[in-house]
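Engineer:
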Amino acid sequence: MAIVSLERINDYENGMLRKTILKSLENIGVELSIFQGKQVALKPNLLMPAKPEKAIMTDPEFFRAVVQIVRQNGGKPVLIESPAIHSLKTAIRKTEYANIIETENVDVGSNSETISLTYADAKSFKHIDIASSLKDVDIIISLPKFKTHGLTYITGAVKNLFGVIPGLAKSKMHMKIPSAEDFSDFLLDLCGAMQFGFEKQKTIIHIMDAILTQEGEGPGTGGTPKKMNAILAGFDAVAIDYVVTKVAGLDPEKAMTITKGFDRSYGVNSPADIKIIGQRIEDMKVFDFSPSRGTIMSNMVRWPLTSKHFKNLFIEKPAPDKNRCTLCYKCKTICPAGAISPASEKEDTPKYDYNSCIRCYCCMEICPEAAIHKKRGLLQWMIRI
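All residue numbers for the sequence shown refer to numbering that gives the first Met the number 0, where the first residue is 0 and numbers rise by one.
This is the structure in structure tokens:
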């Protein structure tokens, strides 16, 4: 049985945040003495520098509240994260995180070196390299931001752990495993490795920021902020993602990190094994939450079996908007397939090679101008997929 805490909160006021987070920890059976004398890694979602109202990253005030709780109970907080394309130093400097790290005396872990975790029960990836700074911490608190996602349907507790893989190594994983199905399997292997791959097993607590979330074309600048007014917490990442997806009024069956997660040995096997403490899903449910505009084909297709012609006809492609694009080329930097090249003298946007493009949508995630959108293939328009 997995316990998931679900609590209501309307904003990011510090006092109410701390009260609600403390209640959430109590709901899942966490005694605050667990932090005494321990080094505690805090892993927020810092996809890219952005204003809190964009709901792209874990809200700075949410992070501050957890820092204060850890420190007030004898723990030493350490920020550990690896943004998609910016350095961690840049992501901190360009956001309110810089002020919090200084005023709350938070250490920042390095992600320049890696260690390898071995997880024998993994489906595909039995050895995964992560930031070495996690080796010396005693407790890991993951602080995911709930958002929609163009490839995995949602990003939540399971996918937030992807940020323990340093820098552009994350985009290389997209190239190695481009389909939604295989990528979801990898994320679940990583989730298992984080639980059982260290020499000494670490306590991992997930506290989800679902107060201001993202709907639509998340998880970056293309997403639309959406109030959900919730904090979720628990030890089982798959169970938390199931509950928050139900609160959003989305279909958990479309999130393979959830459906496949129930088949793994390290967590609950079905929704029937989840016990919710706090608010009821029915009382918290959002009825007009929009998912990312995906297709049945893009969720099911596995690229080694897919011809470039089939892909271009049926699967949405990322397309730059010349009215928004500033030619910063962050899209080119992150593209794992090398499918983006500089604009020619006669062009206003980067040039995409759609035969090489693997449809991971990393370029959409990190575009600072929200200048990349999904464009349907010809047959999609004809048969309205």
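Beta carbons: idealized from backbone N, C-alpha and C, even for Gly. Quick caveat, the model's predicted, so the values are computed rather than measured.
1) Counting beta carbon pairs with one atom in the stretch 69 to 85 and one in the stretch 144 to 151, are three or more of them shorter than 8 Å?
2) Just list the residues that DSSP pairs Gln38 with in beta bridges.
3) Can you tell which of Ile20, Lys259, Ser32 has its C-alpha closest to the C-alpha of Asp184?
4) Using alpha carbons as the reference points, say which of Ile230, Ser340, Asp282 lies closest to Asp58.
5) Measure the C-alpha to C-alpha separation of Val246 and Lys345 and round it to an integer number of angstroms.
6) Could you spell out where the beta strand (DSSP E) holding Thr256 opens and where it closes?
7) Can you tell me whether DSSP reads Leu45 as helix, strand or coil?
8) Considering only DSSP beta bridges, list what Lys274 is partnered with.
9) In whole angstroms, give me the CA-to-CA distance for Met283 and Pro43.
10) Going by DSSP in three states, Asn228 sits in which element: helix, strand or coil?
11) For the alpha helix (DSSP H) containing Glu101, name the first residue and the last one.
12) Any idea what DSSP makes of Phe436, helix, strand or coil?
13) Does the stretch 218 to 227 come close enough to the stretch 191 to 198 to have 3 or more Cβ pairs within less than 8 Å?
14) For Val107, which beta-bridge partners are listed by DSSP?
15) Assign Val300 to buried or exposed, taking buried as 16 or more other Cβ atoms, counted over all protein chains shown, within 10 Å of its Cβ.
16) By alpha-carbon positions, which one of Tyr265, Ile68, Ser170, Tyr96 ends up nearest to Pro51?
17) Mapping DSSP to helix, strand and coil, what is Gln194?
18) Just the C-alpha distance for Ile239 and Ser355, rounded to the nearest angstrom, thanks.
19) With distances taken Cα to Cα, identify the nearest neighbour of Ile100 among Ile275, Ala271, Ala121, Gln67.
20) Measuring straight from C-alpha to C-alpha, what distance separates Ala243 and Asp106?
21) Which ranges does the beta strand (DSSP E) cover as unbroken runs of at least 3 residues, wholly within the stretch 117 to 182, from first to last along the chain?
22) Count the other CB atoms, across all protein chains shown, that sit within 10 Å of the CB of Gln200; report buried if there are 16 or more and exposed otherwise.
23) Between which residues of its own chain and Ile27 is the CB-CB distance below 6 Å, once the five residues before and five after are set aside?
24) Can you give me the Cβ contacts of Phe182 inside the same chain, cut-off strictly under 6 Å, excluding the 5 residues immediately before and after it?
25) Lys374 by DSSP, collapsed to three states: which one?
26) Would you call Glu6 buried or exposed, if buried means 16 or more other Cβ atoms sit within 10 Å of its Cβ?
27) Tell me which residues share the same chain as Lys75 and place their Cβ nearer than 6 Å to its Cβ, disregarding the 5 neighbours each side in the sequence.
28) Who are the near neighbours of Tyr353 in its chain, counting only those whose CB is closer than 6 Å to its CB and skipping five residues on each side?
29) Can you tell me the Cα-Cα spacing of Asn13 and Ile55, whole angstroms?
30) For Glu214, which beta-bridge partners are listed by DSSP?
31) Taking the beta carbon of Asn9 as the centre, do at least 16 other beta carbons fall within 10 Å, making it buried, or is it exposed?
32) For Gly233, write down the residues that DSSP places opposite it in a beta bridge.
33) Thinking Asp128 and Thr113 are a contact (beta carbons under 8 Å), I'd like their distance in whole angstroms, please.
34) Considering only the alpha carbon of each residue, which of Asp188, Ala318, Asp272, Ala156 lies closest to His205?
35) Which residues in the same chain as Ala90 place their Cβ atom closer than 6 Å to its Cβ, once the five residues preceding and following it in sequence are excluded?
36) To the nearest angstrom, how far is it from the Cα of Gly217 to the Cα of Cys366?
Structural biologist: The relevant details are as follows:
1) The way I'd put it, the stretch 144 to 151 doesn't touch the stretch 69 to 85; fewer than three beta-carbon pairs between them come closer than 8 Å.
2) Lys75
3) Lys259
4) Ile230
5) 48 Å
6) Unbroken run through Thr256 is the alpha helix (DSSP H), 255 to 258; no beta strand (DSSP E).
7) coil
8) Ile2
9) 24 Å
10) In this structure, Asn228 counts as strand in the three-state DSSP scheme.
11) 96 to 102
12) Outside the shown range of the chain (0 to 384) lies residue 436, about which nothing can therefore be said.
13) no
14) Leu78
15) Its pLDDT being 49, under 50, Val300 is placed unreliably by the model, and the measurement read from it follows with that caveat. Answer is buried; the Cβ neighbour count reaches 16.
16) Cα-wise, what sits closest to Pro51 is Tyr96.
17) helix
18) 35 Å
19) Gln67
20) Checking the displayed sequence, the identity of residue 243 turns out to be Val instead of Ala. The alpha-carbon atoms of Val243 and Asp106 are separated by roughly 30 Å.
21) Along the stretch 117 to 182, the beta strand (DSSP E) occurs as fully enclosed runs of 3 or more residues at 126 to 130, 138 to 142, 144 to 148, 152 to 154, listed in sequence order.
22) exposed
23) Ile2, Ser4, Ala232, Gly233
24) Take Phe182, set aside five residues on each side of it, and the residues of its chain with a beta-carbon closer than 6 Å to its own are Ile176, in chain order.
25) strand
26) buried
27) Excluding sequence neighbours, Lys75 sits near Gln38.
28) Asn311, Lys316
29) 20 Å
30) Thr223
31) exposed
32) DSSP, once it has assigned bridges, lists Val3, His205 as partnering Gly233.
33) 4 Å
34) Ala156
35) Leu45, Pro48, Pro82
36) 12 Å
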